[in-house]
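Below is one structure, written out as structure tokens, with a few remarks after it.
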Amino acid sequence: MTDSTDTSTQPIVRIENLHKSYGDLEVLKGVDLRVNRGEVVVILGPSGSGKSTLLRCVNLLEVPTSGKVFFEDTEITSPDTDINEIRKHVGMVFQSFNLFPHLTAKRNVMLAQEKVLKRSKEEAERVAMEQLANVGLAERADHYPSQLSGGQQQRVAIARALAMDPHVMLFDEATSALDPELVRGVLDVMKSLAREGMTMIVVTHEMGFARDVADRVVFMDGGVIVEEGIPSEVFDNPQHERTKNFLGHITLK
Amino acid sequence: MLRSLQQSKLFTVVAALMLAATVVFSLACPLQAYALDVEKCTARANQDGGAGVLGATETRVTWEAQADASESITALTFTLPAGTTFEVEDTRVTQLTGEDLMDREFLDAECTQSGDELSIVLDQPAAAGSYVRVEIYGVRFPAEGGSMVLTGTYQLTDSSVHNLPDAPAIKVIALSVPEQISNWLADQSWVQAWNSVNFLHLFFDPTIMATSFPVVFSGFLQALVIVAIAFPLAIPCGLILAFMRMSKLRILRAIGTTYVNVVRGTPLFLQIYIAFFGLPLAGINPPPILLGVVVLAMNSSAYLCEIFRAGIQSISAGQFEAAASLGMNRAQTMFYVIIPQTVRRVIPTMTSEFILLYKDTSLLAAVGIMEVVMYARTIVAATGSITPYIVAAIFYLIITLPLAKIVGNFEAKLASKDGGTSNKKNRKNKKKDQPQKVDANDDQGITPAEISSL
Numbered sequence: 151m152t153d154s155t156d157t158s159t160q161p162i163v164r165i166e167n168l169h170k171s172y173g174d175l176e177v178l179k180g181v182d183l184r185v186n187r188g189e190v191v192v193i194l195g196p197s198g199s200g201k202s203t204l205l206r207c208v209n210l211l212e213v214p215t216s217g218k219v220f221f222e223d224t225e226i227t228s229p230d231t232d233i234n235e236i237r238k239h240v241g242m243v244f245q246s247f248n249l250f251p252h253l254t255a256k257r258n259v260m261l262a263q264e265k266v267l268k269r270s271k272e273e274a275e276r277v278a279m280e281q282l283a284n285v286g287l288a289e290r291a292d293h294y295p296s297q298l299s300g301g302q303q304q305r306v307a308i309a310r311a312l313a314m315d316p317h318v319m320l321f322d323e324a325t326s327a328l329d330p331e332l333v334r335g336v337l338d339v340m341k342s343l344a345r346e347g348m349t350m351i352v353v354t355h356e357m358g359f360a361r362d363v364a365d366r367v368v369f370m371d372g373g374v375i376v377e378e379g380i381p382s383e384v385f386d387n388p389q390h391e392r393t394k395n396f397l398g399h400i401t402l403k
Numbered sequence: 012m013l014r015s016l017q018q019s020k021l022f023t024v025v026a027a028l029m030l031a032a033t034v035v036f037s038l039a040c041p042l043q044a045y046a047l048d049v050e051k052c053t054a055r056a057n058q059d060g061g062a063g064v065l066g067a068t069e070t071r072v073t074w075e076a077q078a079d080a081s082e083s084i085t086a087l088t089f090t091l092p093a094g095t096t097f098e099v100e101d102t103r104v105t106q107l108t109g110e111d112l113m114d115r116e117f118l119d120a121e122c123t124q125s126g127d128e129l130s131i132v133l134d135q136p137a138a139a140g141s142y143v144r145v146e147i148y149g150v151r152f153p154a155e156g157g158s159m160v161l162t163g164t165y166q167l168t169d170s171s172v173h174n175l176p177d178a179p180a181i182k183v184i185a186l187s188v189p190e191q192i193s194n195w196l197a198d199q200s201w202v203q204a205w206n207s208v209n210f211l212h213l214f215f216d217p218t219i220m221a222t223s224f225p226v227v228f229s230g231f232l233q234a235l236v237i238v239a240i241a242f243p244l245a246i247p248c249g250l251i252l253a254f255m256r257m258s259k260l261r262i263l264r265a266i267g268t269t270y271v272n273v274v275r276g277t278p279l280f281l282q283i284y285i286a287f288f289g290l291p292l293a294g295i296n297p298p299p300i301l302l303g304v305v306v307l308a309m310n311s312s313a314y315l316c317e318i319f320r321a322g323i324q325s326i327s328a329g330q331f332e333a334a335a336s337l338g339m340n341r342a343q344t345m346f347y348v349i350i351p352q353t354v355r356r357v358i359p360t361m362t363s364e365f366i367l368l369y370k371d372t373s374l375l376a377a378v379g380i381m382e383v384v385m386y387a388r389t390i391v392a393a394t395g396s397i398t399p400y401i402v403a404a405i406f407y408l409i410i411t412l413p414l415a416k417i418v419g420n421f422e423a424k425l426a427s428k429d430g431g432t433s434n435k436k437n438r439k440n441k442k443k444d445q446p447q448k449v450d451a452n453d454d455q456g457i458t459p460a461e462i463s464s465l
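Protein sequences appear in the order of chains R and X.
Using our numbering, read the first sequence as starting at 151 and increasing by one per residue.
Using our numbering, read the second sequence as starting at 12 and increasing by one per residue.
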């Protein structure tokens with residue numbers, strides 16, 4: 151895929167002055183963020199800081215109260231945009247996997263390929279088996295989600311998103327619901343994906359992953375971006391008091 | 012002395028020979044009776060609640076004939092149709108005279124039976140030209156029924172024997188197998204002992220049970236046909252209503268909600284009355300069965316709507332989000348992701364609704380549709396025993412008990428695991444991998460507004 155060194159010139163996601171409120175509760179208070187092609191951006195922050203909401207605004211699972219979100223050259227917050235057309239190119243992995251429980255792993259990966267991308271059954275099946283093999287689950291292709299461990303389910307979910315050939319992948323606390331011993335398998339898949347040059351926006355609490363894999367770390371608190379920079383800057387020399395507190399708290403833990 | 016004895020002996024022999032010759036002659040070539048008219052030959056109705064004459068069931072045959080003025084009957088023989096039995100003791104011969112034949116005089120007679128033949132010899136000859144009635148009791152015609160004709164002869168005072176003219180045929184209805192069983196049961200001593208307990212006779216009479224089963228069975232088939240059309244009709248209607256109630260459009264939501272609330276808020280019985288008595292007044296006269304099917308389907312669709320809506324809303328928001336994040340539109344999400352999962356969840360409640368609908372077919376009896384209860388009621392009215400209603404209950408239970416059992420099993424299965432199917436191979440893997448449940452906080456369900464926003 152694309153070379154990860156050339157990242158500065160091609161914004162794939164651009165967020166401008168994004169606000170999101172639930173009634174009186176303002177969760178996002180003016181967020182600006184650019185993510186370039188091939189970049190891995192990790193969003194950190196305490197619970198309730200708005201990082202998941204920000205991520206979900208990128209594919210409009212949450213509709214922003216105000217502000218703009220651009221994907222490639224399209225303003226997806228515009229009412230004229232066919233959001234399903236955009237979502238084809240934006241893969242998302244959820245904390246709770248959200249596999250379709252009535253379909254086997256393979257059929258989970260095939261469904262949207264056939265229905266949304268209109269691929270033939272054979273083509274979809276070929277891609278599905280390829281993606282399942284990439285996440286190390288080729289031999290589990292005919293299992294139902296209930297017959298898979300959490301880690302396996304999450305890897306199927308990643309394969310399902312990747313089968314759509316997304317331009318960007320969103321990870322919403324992809325390992326938070328997993329037992330500790332199952333986290334590694336999922337993180338390994340995410341790491342190799344990053345190495346291959348996939349553009350990724352990752353919300354996580356895995357500091358090790360952020361430090362190793364991120365091109366840029368974004369620290370959010372209270373609905374705004376408090377600090378952002380390359381991992382070594384943010385982790386080793388945090389500028390903001392809130393960042394220091396958060397990272398200190400995490401380290402102590 | 013000797014001679015006169017010989018003479019008288021000779022006379023007796025000659026007389027006997029003559030008599031014998033007469034008898035032989037009359038038997039070999041009976042004289043045709045031109046004079047006697049058979050006026051009537053009937054059997055008493057012995058059908059429960061009907062006017063027919065059943066085979067193999069006790070009845071009384073009444074035969075009446077008008078003799079010619081010159082005829083004075085001394086004896087009668089009747090040949091009953093083959094396979095018919097009768098009792099000879101109570102056979103009664105009556106001579107009817109006077110204005111409108113209202114004066115009755117019983118004639119003493121000696122009655123004997125040989126095979127199918129009944130022979131009646133009157134002690135005193137009937138008056139010449141009399142109108143004679145013969146009543147034969149305890150007659151049981153053959154079970155297979157058919158057209159029964161009594162034949163026979165009559166003898167006059169001059170010892171001449173004449174054939175009886177053919178009597179009008181008695182139409183005997185063939186006895187069905189259940190009726191034969193019922194008759195057989197009625198003769199059993201244990202059944203008689205059983206029925207001597209009034210409670211058992213009223214509610215569980217074996218003989219009525221035997222005859223009720225086939226009759227109520229036709230009502231059972233009718234009810235099955237009604238429910239087998241109404242329920243599949245109600246499913247798509249219920250689904251459409253459910254989508255209306257979850258629609259973004261306020262007007263669709265209002266229509267769906269109003270319909271569901273009105274239908275669920277009024278008794279089905281009343282809805283049936285309104286449809287069956289209202290439509291004819293409005294000049295619309297659909298076939299009753301069709302109308303019954305439509306009313307039941309419309310009623311059931313309101314309940315199914317709520318079942319489907321609850322089912323769809325019980326699917327976690329994550330499923331909608333996952334489908335949306337893959338670029339699937341609302342229709343695709345519903346069709347390929349949500350409805351297949353909903354079906355599994357609503358099958359138990361849908362089955363319960365089916366059971367309710369099946370039972371509710373009984374309400375159609377009120378408007379004259381011949382279903383289970385209606386047939387049972389007809390027999391109850393004819394026999395005075397509640398037993399046919401018990402039979403009706405059995406026909407409901409035949410369907411409802413197995414279905415309730417299936418629902419129970421299904422619910423147990425759903426409770427033990429959520430989604431997916433299992434087989435031996437997979438169970439092995441399951442043990443090894445220790446699958447974990449999806450995070451509980453994701454199972455919060457979804458509101459219509461949330462569905463619309465995706």
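Note that beta-carbon positions come from the ideal geometry of N, C-alpha and C, so glycine has one too.
Values in this document were obtained by computation on a predicted structure and should not be read as measured data.
For a test of the three-state rule: what should DSSP assign to residue i, helix, strand or coil?
{"i": "Pro298 (chain X)", "result": "coil"}
{"i": "Ile226 (chain R)", "result": "coil"}
{"i": "Lys238 (chain R)", "result": "coil"}
{"i": "Ile6 (chain X)", "result": "Look at the range of chain X in this structure, 12 to 465, and you will see that residue 6 (chain X) is not part of it."}
{"i": "Gly258 (chain X)", "result": "Residue identity check: residue 258 (chain X) is Ser in the sequence provided, not Gly. Coil, per DSSP."}
{"i": "Tyr284 (chain X)", "result": "helix"}
{"i": "Val132 (chain X)", "result": "strand"}
{"i": "Gly335 (chain R)", "result": "helix"}
{"i": "Ser312 (chain X)", "result": "helix"}
{"i": "Arg290 (chain R)", "result": "helix"}
{"i": "Arg55 (chain X)", "result": "coil"}
Can you list the residues of chain X that residue i reaches, using a CB-CB cut of under 9 Å?
{"i": "Phe244 (chain R)", "result": "Gly329, Glu332, Ala333, Ser336, Asp453"}
{"i": "Asn167 (chain R)", "result": "Those within 9 Å of Asn167 (chain R) in chain X number zero; the least Cβ separation is about 22 Å."}
Per DSSP, which residues does residue i bridge with? Please list them.
{"i": "Asn174 (chain X)", "result": "X:Thr164"}
{"i": "Gly379 (chain R)", "result": "R:Val367"}
{"i": "Asp114 (chain X)", "result": "X:Thr108"}
{"i": "Ala415 (chain X)", "result": "None; Ala415 (chain X) has no bridge partner."}
{"i": "Asn186 (chain R)", "result": "R:Pro161"}
{"i": "Leu87 (chain X)", "result": "X:Ile131, X:Tyr165"}
{"i": "Tyr172 (chain R)", "result": "R:Leu175"}
Quick check on residue i - is its C-beta less than 8 Å from some C-beta in chain R?
{"i": "Val348 (chain X)", "result": "yes"}
{"i": "Gln352 (chain X)", "result": "yes"}
{"i": "Ala343 (chain X)", "result": "According to the sequence as given, residue 343 (chain X) is Gln; it is not Ala. Judged by the 8 Å Cβ criterion, Gln343 (chain X) is in contact with chain R."}
{"i": "Arg320 (chain X)", "result": "no"}
{"i": "Arg355 (chain X)", "result": "yes"}
{"i": "Ser325 (chain X)", "result": "no"}
{"i": "Lys442 (chain X)", "result": "Residue confidence is low: Lys442 (chain X) scores 39 on pLDDT, short of 50, so the model does not pin down where it sits. No coordinate-derived value is stated."}
Does the beta-carbon distance from residue i to residue j come in below 8 Å?
{"i": "Asn248 (chain R)", "j": "Ala286 (chain X)", "result": "no"}
{"i": "Ala54 (chain X)", "j": "Ile246 (chain X)", "result": "no"}
{"i": "Arg144 (chain X)", "j": "Thr73 (chain X)", "result": "yes"}
{"i": "Lys271 (chain R)", "j": "Thr215 (chain R)", "result": "no"}
{"i": "Glu98 (chain X)", "j": "Gly163 (chain X)", "result": "no"}
{"i": "Thr325 (chain R)", "j": "Arg187 (chain R)", "result": "no"}
{"i": "Ile184 (chain X)", "j": "Gln58 (chain X)", "result": "yes"}
{"i": "Glu155 (chain X)", "j": "Gly61 (chain X)", "result": "no"}
{"i": "Ser327 (chain X)", "j": "Glu364 (chain X)", "result": "no"}
{"i": "Ala80 (chain X)", "j": "Ala139 (chain X)", "result": "yes"}
For the ligand ADP, any of its heavy atoms closer than 7 Å to the Cβ of residue i?
{"i": "Ala327 (chain R)", "result": "For the ligand ADP, the structure offers nothing, since it holds no ligand at all."}
8 Å is my cut-off, CB to CB: does residue i come that close to chain X?
{"i": "Phe250 (chain R)", "result": "yes"}
{"i": "Leu194 (chain R)", "result": "no"}
{"i": "Met314 (chain R)", "result": "yes"}
Since residue i meets chain R, which of its residues come closer than 9 Å, beta carbon to beta carbon?
{"i": "Gly339 (chain X)", "result": "Reading off the sequence shown, one finds Met at residue 339 (chain X), where the question assumed Gly. What Met339 (chain X) touches in chain R: Asn234, Arg237, Leu261, Ala262, Lys265, Val266."}
For a contact meaning CB atoms closer than 8 Å, what does residue i contact in chain X?
{"i": "Leu211 (chain R)", "result": "Glu332, Ala335, Ser336, Leu465"}
Examine chain B for any beta-carbon lying closer than 8 Å to the beta-carbon of residue i, and answer yes or no.
{"i": "Pro153 (chain X)", "result": "The structure shown has no chain B; the protein chains it does contain are R and X."}
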